[in-house]
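Residue numbers for the sequence shown follow the working numbering, beginning at 30 and rising by one.
Below: one structure, written as structure tokens.
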Amino acid sequence: MTKRIVLLVAIFIVKLVVYQTVPFAKQGDNQLKRIRVNSKRIEQRILRLAEFGKNPQGGVDRVAFSESDIQGRKYIMSLMKEAGLKVRIDEAGNIIGQLAGSDPKLPPILFGSHIDSVPNGGNYDGALGVIGAIECTQVLRENGIMTRHPLEVVVFSDEEGGTVGSLVMTGELTAKALEIVSHSGKTIREGIRALGGNPDKLSNVVRVQGDIKAFIEIHIEQGNILDSKNIDIGVVEGIVGINWWDVTIEGFSNHAGTTPMNMRHDALLAAAHLIIAINRVVTGIPGRQVGTVGRIRAEPGAPNVISGEVVMSLELRDLSVEKINSLYERIQQEAKAIAEKTDTKISFTPIDVTSAPAPTDPRMRNIIAESSQELSLTSLFMPSGAGHDAQHMARISPTGMIFVPSVGGISHSPKEYTWPEDMANGANVLLHTILKIDRGALD
Numbered sequence: 030m031t032k033r034i035v036l037l038v039a040i041f042i043v044k045l046v047v048y049q050t051v052p053f054a055k056q057g058d059n060q061l062k063r064i065r066v067n068s069k070r071i072e073q074r075i076l077r078l079a080e081f082g083k084n085p086q087g088g089v090d091r092v093a094f095s096e097s098d099i100q101g102r103k104y105i106m107s108l109m110k111e112a113g114l115k116v117r118i119d120e121a122g123n124i125i126g127q128l129a130g131s132d133p134k135l136p137p138i139l140f141g142s143h144i145d146s147v148p149n150g151g152n153y154d155g156a157l158g159v160i161g162a163i164e165c166t167q168v169l170r171e172n173g174i175m176t177r178h179p180l181e182v183v184v185f186s187d188e189e190g191g192t193v194g195s196l197v198m199t200g201e202l203t204a205k206a207l208e209i210v211s212h213s214g215k216t217i218r219e220g221i222r223a224l225g226g227n228p229d230k231l232s233n234v235v236r237v238q239g240d241i242k243a244f245i246e247i248h249i250e251q252g253n254i255l256d257s258k259n260i261d262i263g264v265v266e267g268i269v270g271i272n273w274w275d276v277t278i279e280g281f282s283n284h285a286g287t288t289p290m291n292m293r294h295d296a297l298l299a300a301a302h303l304i305i306a307i308n309r310v311v312t313g314i315p316g317r318q319v320g321t322v323g324r325i326r327a328e329p330g331a332p333n334v335i336s337g338e339v340v341m342s343l344e345l346r347d348l349s350v351e352k353i354n355s356l357y358e359r360i361q362q363e364a365k366a367i368a369e370k371t372d373t374k375i376s377f378t379p380i381d382v383t384s385a386p387a388p389t390d391p392r393m394r395n396i397i398a399e400s401s402q403e404l405s406l407t408s409l410f411m412p413s414g415a416g417h418d419a420q421h422m423a424r425i426s427p428t429g430m431i432f433v434p435s436v437g438g439i440s441h442s443p444k445e446y447t448w449p450e451d452m453a454n455g456a457n458v459l460l461h462t463i464l465k466i467d468r469g470a471l472d
């Protein structure tokens, strides 16, 4: 009889446990869906970071390797430690904040951006990607959530001076680049040392395919598409390729008063025709390609002398290499016709700053778009016209990028601004993208 009672009690307990584990599992899923970042904390930290390198115009002069950059990095490391991250500086000067996962054998999910600025820059470029990344890890810990994958928050070194930290991580930084003098006055080699890195051991930083589960970067758009269309989230399709040329137009310098108009070989006149033709070619086909002539120099540069030589820049950007090449060929054809018409010679010299298009992973785009939808946020698939660390990380891991609106499309300026609500929206999308990847969305 006693054995029977014990058996019945045991069966009852087992049934009770089984009955209760299902609701708890569901409650866990609901908890993950409800979790949100702390908008006020993000804004406060953005404004606090803006104190490092603050200038009279209201922006920042926190150029890479400067004292303000170094002090700003110390502040960021203190936030990482507050969030419970294990912090280290790698040999490239990148800051890495690590949060353990339940399965240390799994590759880490990496996310972050940079905190260095251009001279007289804004307070949100790069900074949001770092502050938002730290916020995600802090919210997870505050809610007692441990991911399966380890998480790593990264602050890349010297993004504005040439995406140095991410280039080292992908094994693409050349030895020659280490001798380039940065805005701080230090060479990149000296700057890396100033940050606590070791330029003699950069190979230790390199990661390859399979080392990282995914990389995600949240960033202000730095353009006016999202703001003008009142869209919450930009799902970045890729970072555009960039090609530069120096265009040289050779004419003949002569007296402006004694040379009849029909006997001139005016290089500046030919340049004017070519600039108009470039605009016509680039805008003449469907797409989001852009072309720019941003620099021009006329020689000898005197009011009473016909220009004998003009050197101007040409830049083309698009997600498609084929389209860039096609545009360039059409511009060359226009240049040939203009040269014949103006009796000048036009030549193009490629400049070695070309960067190939870097498409984001289609699966990452879908995860970001799905996260946005579940958070009741509007989204738009769009290219990034500016360069980012994500363009290099895309070569070694599935990469995604999240844009939030820039008010008025203003960036690299003290007037750069993003609303706190938009920053929180982007960080929430980042948070839920991380959770989806951790639960197998890429598998």
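Idealized CB from N, CA, C, for every residue including glycine.
Among the options, nearest to residue i - alpha-carbon criterion
i, options, result
"residue 62", "120, 471, 458", "458"
"residue 1", "349, 340, 342", "Examination of residue 1 is not possible in this model, given that the chain is present from 30 through 472 alone."
"residue 113", "127, 445, 101", "127"
"residue 230", "434, 60, 122", "122"
"residue 330", "308, 302, 296", "296"
"residue 250", "148, 155, 339", "155"
"residue 131", "78, 120, 216, 175", "175"
"residue 379", "345, 351, 352", "345"
"residue 358", "65, 376, 372", "376"
"residue 115", "320, 347, 163", "163"
"residue 439", "73, 184, 257, 108", "257"
"residue 13", "280, 381, 347", "Residue 13 lies beyond the residue range present for the chain, which begins at 30 and ends at 472; the question has no answer from this structure."
"residue 223", "97, 428, 134", "97"
"residue 397", "445, 461, 437, 235", "461"
"residue 427", "470, 400, 189, 283", "470"
"residue 199", "170, 205, 233, 226", "233"
"residue 466", "444, 429, 446", "429"
Whole-Å CB distance - residue i paired with residue j, under 8 Å assumed
i, j, result
"residue 211", "residue 93", "6 Å"
"residue 322", "residue 356", "Rounded, the Cβ-Cβ distance is 13 Å, inconsistent with contact."
"residue 149", "residue 88", "5 Å"
"residue 269", "residue 414", "6 Å"
"residue 335", "residue 300", "The Cβ separation is near 13 Å, so there is no contact."
"residue 71", "residue 158", "So it is not a contact: roughly 11 Å between Cβ atoms."
Neighbour-count burial assignment, residue i, 16 or more Cβ in a 10 Å radius
i, result
"residue 56", "Only weak support is given to the placement of residue 56: the predicted model assigns it a pLDDT of 39, under 50, and the question is left unresolved by the model."
"residue 213", "buried"
"residue 111", "exposed"
"residue 168", "buried"
"residue 37", "Interpretation of residue 37 is limited by its pLDDT of 48, a score under 50 that renders its predicted location unreliable; no figure is taken from the coordinates."
"residue 405", "exposed"
"residue 237", "exposed"
"residue 305", "exposed"
"residue 292", "exposed"
"residue 435", "buried"
"residue 51", "For residue 51, the pLDDT reaches just 31, beneath the cut-off of 50, and the residue's location in the model is therefore unreliable, although a value from the coordinates is still provided. When all chains shown are included, residue 51 counts as exposed."
"residue 464", "buried"
"residue 366", "exposed"
Bridge partners - residue i, DSSP secondary structure assignment
i, result
"residue 180", "128, 138"
"residue 271", "346, 384"
"residue 321", "344"
"residue 435", "None, per the DSSP bridge assignment."
"residue 150", "89"
"residue 115", "127"
"residue 428", "244"
"residue 278", "339, 375"
"residue 302", "According to DSSP, residue 302 bridges with nothing at all."
Between the segment 383–400 and the segment 263–277, are three or more C-beta pairs nearer than 8 Å? These segments touch.
Across the segment 231–246 and the segment 332–352, are there enough close Cβ pairs to call them in contact, namely three or more that are closer than 8 Å? no
Taking contact to mean 3 or more Cβ pairs, one atom from each stretch, closer than 8 Å, check whether the segment 286–304 and the segment 401–417 are in contact. no
Three CB pairs or more closer than 8 Å across the segment 416–428 and the segment 447–462: no
Is there contact between the segment 133–143 and the segment 177–195, where contact requires at least three CB pairs shorter than 8 Å? yes
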